[in-house]
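S.K.: This is the structure I want to talk about, given as C-alpha cells.
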Amino acid sequence: MGMSIETKGNAVITEKKMASKKPSAAWAFWMSSFVAPPGSSSGGCVLPGRFPQHGSTLYRSESLTTAALQYATQQQAGKMPKETAAGGHEEDPNPSGQEYRELSGGVRGQADIISSTSPVVVSPASLQGEALFGWLRQQVVGITAEIVTPFGTRQMTYTDYIASGRCLQYVEDLLQARVLPFYGNTHTEDSACGQRTTHFAHEAGEYIKECVQAGPEHKILFCGSGCTAAVKRLQEIMGIAVPSTLRARVLATLQPSERWVVFVGPYEHHSNLLTWRQSLADVVEVPLSEDGLLDMAYLEKELENERWSGRPKLGSFSAASNVTGILTDTRALARLLHAHGAYACFDFAAAAPYVDMDMRPGQADGYDALLISPHKFVGGPGSSGVLIVSEKLYALADAAPSTSGGGTVTYVNGNSEAETLYISDIEQREDAGTPAILQKMRAALAFWVKQCIGADVIERTEGALIRAALQRLARNPRVEVLGNCEVPRLAVLSFLIRPFSTSTTGRNGKALNGRFVVNLLNDLFGIQARGGCSCAGPYGHALMNVDRQLSVAIREAIADGNESVKPGWTRLGFAYFITQAEFEFILAAIEFVAEYGVRFLPLYDFDWKSGNWSYKGFQRESQSLFDPVTVDEAACLWKARGDALSARAEERAQPPYARYLKEAQALAVNLPPYKGAEQPNTSTLDERVITFVV
Numbered sequence: 001m002g003m004s005i006e007t008k009g010n011a012v013i014t015e016k017k018m019a020s021k022k023p024s025a026a027w028a029f030w031m032s033s034f035v036a037p038p039g040s041s042s043g044g045c046v047l048p049g050r051f052p053q054h055g056s057t058l059y060r061s062e063s064l065t066t067a068a069l070q071y072a073t074q075q076q077a078g079k080m081p082k083e084t085a086a087g088g089h090e091e092d093p094n095p096s097g098q099e100y101r102e103l104s105g106g107v108r109g110q111a112d113i114i115s116s117t118s119p120v121v122v123s124p125a126s127l128q129g130e131a132l133f134g135w136l137r138q139q140v141v142g143i144t145a146e147i148v149t150p151f152g153t154r155q156m157t158y159t160d161y162i163a164s165g166r167c168l169q170y171v172e173d174l175l176q177a178r179v180l181p182f183y184g185n186t187h188t189e190d191s192a193c194g195q196r197t198t199h200f201a202h203e204a205g206e207y208i209k210e211c212v213q214a215g216p217e218h219k220i221l222f223c224g225s226g227c228t229a230a231v232k233r234l235q236e237i238m239g240i241a242v243p244s245t246l247r248a249r250v251l252a253t254l255q256p257s258e259r260w261v262v263f264v265g266p267y268e269h270h271s272n273l274l275t276w277r278q279s280l281a282d283v284v285e286v287p288l289s290e291d292g293l294l295d296m297a298y299l300e301k302e303l304e305n306e307r308w309s310g311r312p313k314l315g316s317f318s319a320a321s322n323v324t325g326i327l328t329d330t331r332a333l334a335r336l337l338h339a340h341g342a343y344a345c346f347d348f349a350a351a352a353p354y355v356d357m358d359m360r361p362g363q364a365d366g367y368d369a370l371l372i373s374p375h376k377f378v379g380g381p382g383s384s385g386v387l388i389v390s391e392k393l394y395a396l397a398d399a400a401p402s403t404s405g406g407g408t409v410t411y412v413n414g415n416s417e418a419e420t421l422y423i424s425d426i427e428q429r430e431d432a433g434t435p436a437i438l439q440k441m442r443a444a445l446a447f448w449v450k451q452c453i454g455a456d457v458i459e460r461t462e463g464a465l466i467r468a469a470l471q472r473l474a475r476n477p478r479v480e481v482l483g484n485c486e487v488p489r490l491a492v493l494s495f496l497i498r499p500f501s502t503s504t505t506g507r508n509g510k511a512l513n514g515r516f517v518v519n520l521l522n523d524l525f526g527i528q529a530r531g532g533c534s535c536a537g538p539y540g541h542a543l544m545n546v547d548r549q550l551s552v553a554i555r556e557a558i559a560d561g562n563e564s565v566k567p568g569w570t571r572l573g574f575a576y577f578i579t580q581a582e583f584e585f586i587l588a589a590i591e592f593v594a595e596y597g598v599r600f601l602p603l604y605d606f607d608w609k610s611g612n613w614s615y616k617g618f619q620r621e622s623q624s625l626f627d628p629v630t631v632d633e634a635a636c637l638w639k640a641r642g643d644a645l646s647a648r649a650e651e652r653a654q655p656p657y658a659r660y661l662k663e664a665q666a667l668a669v670n671l672p673p674y675k676g677a678e679q680p681n682t683s684t685l686d687e688r689v690i691t692f693v694v
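Residue numbers for the sequence shown follow the UniProt record's numbering, beginning at 1 and rising by one.
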C-alpha cells in the first residue's frame, strides 16, 4: 500500500491510501507509479504503490517524496530556514536586481547577490516539486563543506556535476541500513545474505532497464566505472577489440568486407573516439556543420558511400557534448542510421542525469545501445558504468564471453576447454567473477532519484537556467561562451575570459588560461569548476580555431614535456536544484574574473611544464586517506553529521556570497592594472604555442 499527496496551491491537504496494485518483481514497479499528484501541474512523484513478490526490496515503504514532504512540513512550521530555488516563489527582498556600483578607478562595487535582472528561472510549480529540490540540496554530502584558500575560508560551491555527481546522505543511509548489514557475495541463494544480495543486485539491472524502456532484446551489462569501460565492452562483445600490440597483425588477416564501419561525431569524448580508432573497425569522423552542430548531410553521404556497401555499420554519437552541453537530435540520427542499415549507439555520459532516455525498441528512431555513466548523477558516485545493448550486436554467442570466470559457466572439467559449458544468458555470461554488487545498486539508486524528480522537470529547469545564464553573459564582451548558443543545451557552459576585449573591439585578444580562471574561482569564491580540454581534443581544435600548423607546433611542445601549452577553457554547470542566490553568485563570480582576473596574475606562479598554477607562498592543505582517526574523533564526526541539517541549516540557507564578492573587489582595488608578461617564458617555447595571457 502507498499514499498519494494532494496539493492545492502550495499547501499539502490530505494523504490518501492508494489501492493495491498487482505485484511486480522488478525495481521498475517503483518508477512506473511515480506520477504527478492530483491537482498538480508538475512532474513530481508520489509514494510507490506496488511491491515485489520477493520477501524484501531495497525500498520498502519509504520514498524520496515522503522525506521531501517532511522537509517541507518542517519549513512551513518554521523549524528550518526557507530557501528559494532558482526561479522559486519566495518574495524577492531586492526586486531591483543585482547591481554593480562604480567605484573610484573604474572598479565595480559589491554585487547584491539576492536577485537578478536575468529572466526568472522556472522550478516545479507545486510544493511537492519545490520540496524535492529543497530536500535534495539538504541531502548532498558536503553541502556546507568549507575549503581553506589563500584568501581565507570559503564555503564550497560545486559546479562540476558534468564531471561527477555528489553523494546523497539518503542513499548512503539506505545502503547502510538495508544492504550492508546483510551484504554477502552473489552467485548463491542458499544463505540469507547471499539470497538478499543476489536479489538486490538483479533488481538493480532490471530497474535501470525499465527506466530506459528497454525491450526483451536489450541486455544490461555493468562495466567498470563509466562510459569508457562501457564502450570498450561494446567493442569486445561485437568482436572488434584486440590488444594494441596485435591490432596490425589481425587487420592484415581481415578482408575489408569483414570489418565494421563506425561513424562518430565531432564532439565526442575521447572515450567514444580513441577506443574506436584502436578497434578493428574503420572509423568515419563526422565534422561540424557551419552552425557548429553534427553535419547530418555529411553523415548521410558517408552512409551511402559505395566504399562501405555491404559492410556492418554502427553510429556511436554523444547525446550531448560534455564541453558545450549542446544536445544531439538522437531521434533524427537514429532514423538516419536505421534507414541505411546501421545500428544506433549513443553515449549519454553527459546527458543521462538530465534528459529522458527511451530506447523505443523496434521503432525507427529507437536506440540499439546506450552508454551511461551513473556516477555523474546526483547520488551516483561509486556506481558502475552501464551498457544497455541489443542482443543483435552480441557476436560471442557461439564463443567464450568477453571475460571468462566464475559465474559465466555451468560446467567445467579438468579435461578440455572445448567441454566447458558457458551460460547462454548474455547478462550472466558477461558478468564474470564477483560482480560490482554495491556499484550496481548505487547506479540504480541514482536512477531512482532522477526518476523521482522527473526528467521533464529537470529538463525544463535546466533549459531555463542555461538560457538565463547565456543571456546575461552575452552582454559581457570579455566572456566568450563556446559553441552555438542558439540551440538546446544542458545547463553547462565552457567559456574563455578575454580580459582586453571591449564592447567596441569585440571578443578578441588572448584569453586567460582556463586553469588559472579555475584557480581564481576556487581561491576567491570557493567555486569548484574545471579547466582544460575536457577530454574532447578534436572538438577543442574546432572551438578554438586551432589550425593544422598550430596543432603540430603544440603537439611538438607537449611531446617535449610542456603540457602547459595545451589549449583549453573553463567549464562549469548549474545543478537543476540550485538556489537563486547560488545561481546569481556563480554568474557574478564569472563577471568579476572577466573584469579583474588579469590583475591577479602576479600573485600566482605558473609551471610551464605541468601547466599548474599556485598562489605564491601558499600551500594547499595536504591530507592522506589513511590519516588515523581515533574512536573519539569518529564519534564526533558521527555526531556532527547528525547536527549538520539543524545547527548549520540557517548558515547554509544564507551563504556569505556577498561577503566573498566584497572581499574579492577589495583585493582588486589594491592590485595594479596588468602590465604584461607576469609569467616570463623561461623555457624555449615558441611564442606561437602560448595562446593565453601570462
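Each residue gets a CB set at the ideal place from its N, CA and C atoms; glycine is no exception. Only a predicted model underlies this, so the values are computations on that prediction, with no experimental measurement involved.
1) Mapping DSSP to helix, strand and coil, what is Val148?
2) Extract the residue ranges of the beta strand (DSSP E) inside the region 408 to 463, only unbroken runs of 3 or more that lie entirely within it.
3) Are the beta-carbon atoms belonging to Arg571 and Ser622 less than 8 Å from one another?
4) Which one of Ala658, Glu206, Gly224, Leu371 has the shortest CA to CA distance from Pro216?
5) Do the CB positions of Ala557 and Val689 come within less than 8 Å of each other?
6) Using the DSSP secondary-structure output, state which residues sit across from Arg154 in a beta bridge.
7) What does DSSP give as the partner residue(s) for Ile326 in the beta ladder?
8) Quick one: is the Cβ of Leu445 within less than 7 Å of any heavy atom of the ligand SAH?
9) Beta-carbon within less than 7 Å of Gly509's beta-carbon, same chain only, minus the 5 sequence neighbours each way: which residues are those?
10) So who's on the other strand from Ser494, going by DSSP bridges?
11) When the Cα of Leu293 is compared with those of Leu482, Asn413, Phe447, which residue comes out closest?
12) Express the C-alpha separation of Val409 and Glu258 in angstroms, rounding to a whole number.
13) Less than 8 Å between C-beta atoms, sequence neighbours within five positions excluded: which residues of the same chain meet that for Thr188?
14) Do you know how far the Cα of Phe592 is from the Cα of Thr581?
15) Using the Cα positions of Trp27 and Glu203, report the straight-line distance between them to the nearest angstrom.
16) Could you compute how far the alpha carbon of Val141 sits from the alpha carbon of Leu470?
17) I'd like to check one pair, Ile162 with Gly537: are the Cβ atoms closer than 8 Å?
18) Within 10 angstroms of the Cβ of Arg475, are there 16 or more other Cβ atoms? Answer buried if so, exposed if not.
19) For Ala511 and Val598, I'd like the C-alpha separation in whole angstroms.
20) Pair every Cβ in the region 347 to 359 with every Cβ in the region 290 to 305, then say whether three or more of these pairs are closer than 8 Å.
21) Is the Cβ-Cβ distance between Tyr343 and Leu336 less than 8 Å?
22) Quick check: the Cα distance between Pro243 and Ala658, rounded to an integer number of angstroms?
23) Per DSSP, what kind of secondary structure is Trp276 in: helix, strand or coil?
24) Between Leu465 and Val492, what straight-line distance do the alpha-carbon atoms span, to the nearest angstrom?
25) Ile237 lies in the alpha helix (DSSP H); which residues open and close that run?
26) Would you kindly report the start and end of the unbroken alpha helix (DSSP H) that includes Val552?
27) Start and end of the beta strand (DSSP E) containing Arg530?
28) Once the 5 residues before and after Val284 are set aside, which same chain residues still bring their CB inside 6 Å of it?
29) Starting from Ile220, trace the beta strand (DSSP E) in both directions and tell me its first and last residue.
30) Looking at Leu288: is its Cβ nearer than 8 Å to the Cβ of Leu251?
31) If you count every other CB in all the chains shown that lies within 10 Å of the CB of Gly561, and 16 or more means buried, which is it?
32) Could you compute how far the alpha carbon of Gly617 sits from the alpha carbon of Asp547?
33) Please look up how many angstroms separate the CB atoms of Ala432 and Pro401, rounded, as I've assumed it's under 8 Å.
34) Just how far apart, CA to CA, sit Gly88 and Ile426?
35) Identify the residues that DSSP records as bridge partners of Lys313: which are they?
36) Report buried or exposed for Val261, applying the criterion of at least 16 other Cβ atoms within 10 angstroms of its Cβ.
M.R.: According to the structure shown:
1) strand
2) 409 to 411
3) no
4) Glu206
5) yes
6) Ile147
7) Arg489
8) Inclusion of the ligand SAH in the displayed structure is not the case, the ligand content being empty and no account of it being possible.
9) Arg498, Phe500, Ser501
10) Arg571
11) Leu482
12) 29 Å
13) Gly194, Gln195, Thr198
14) Note on identity: in this sequence residue 581 is Ala, with Thr being the wrong assignment. Cα to Cα, Ala581 sits roughly 16 Å from Phe592.
15) For Trp27, the pLDDT reaches just 32, beneath the cut-off of 50, and the residue's location in the model is therefore unreliable, although a value from the coordinates is still provided. Those two C-alpha atoms are separated by around 6 Å.
16) 29 Å
17) no
18) exposed
19) 10 Å
20) no
21) no
22) 55 Å
23) helix
24) 9 Å
25) 227 to 238
26) 548 to 559
27) 530 to 532
28) Phe263, Glu302
29) 218 to 223
30) no
31) exposed
32) 38 Å
33) 7 Å
34) Bear in mind that the predicted position of Gly88 carries a pLDDT of just 46, short of 50, making it unreliable; the figure below should be weighed with that in mind. Cα-Cα distance, rounded: 47 Å.
35) Val261, Ala342
36) buried
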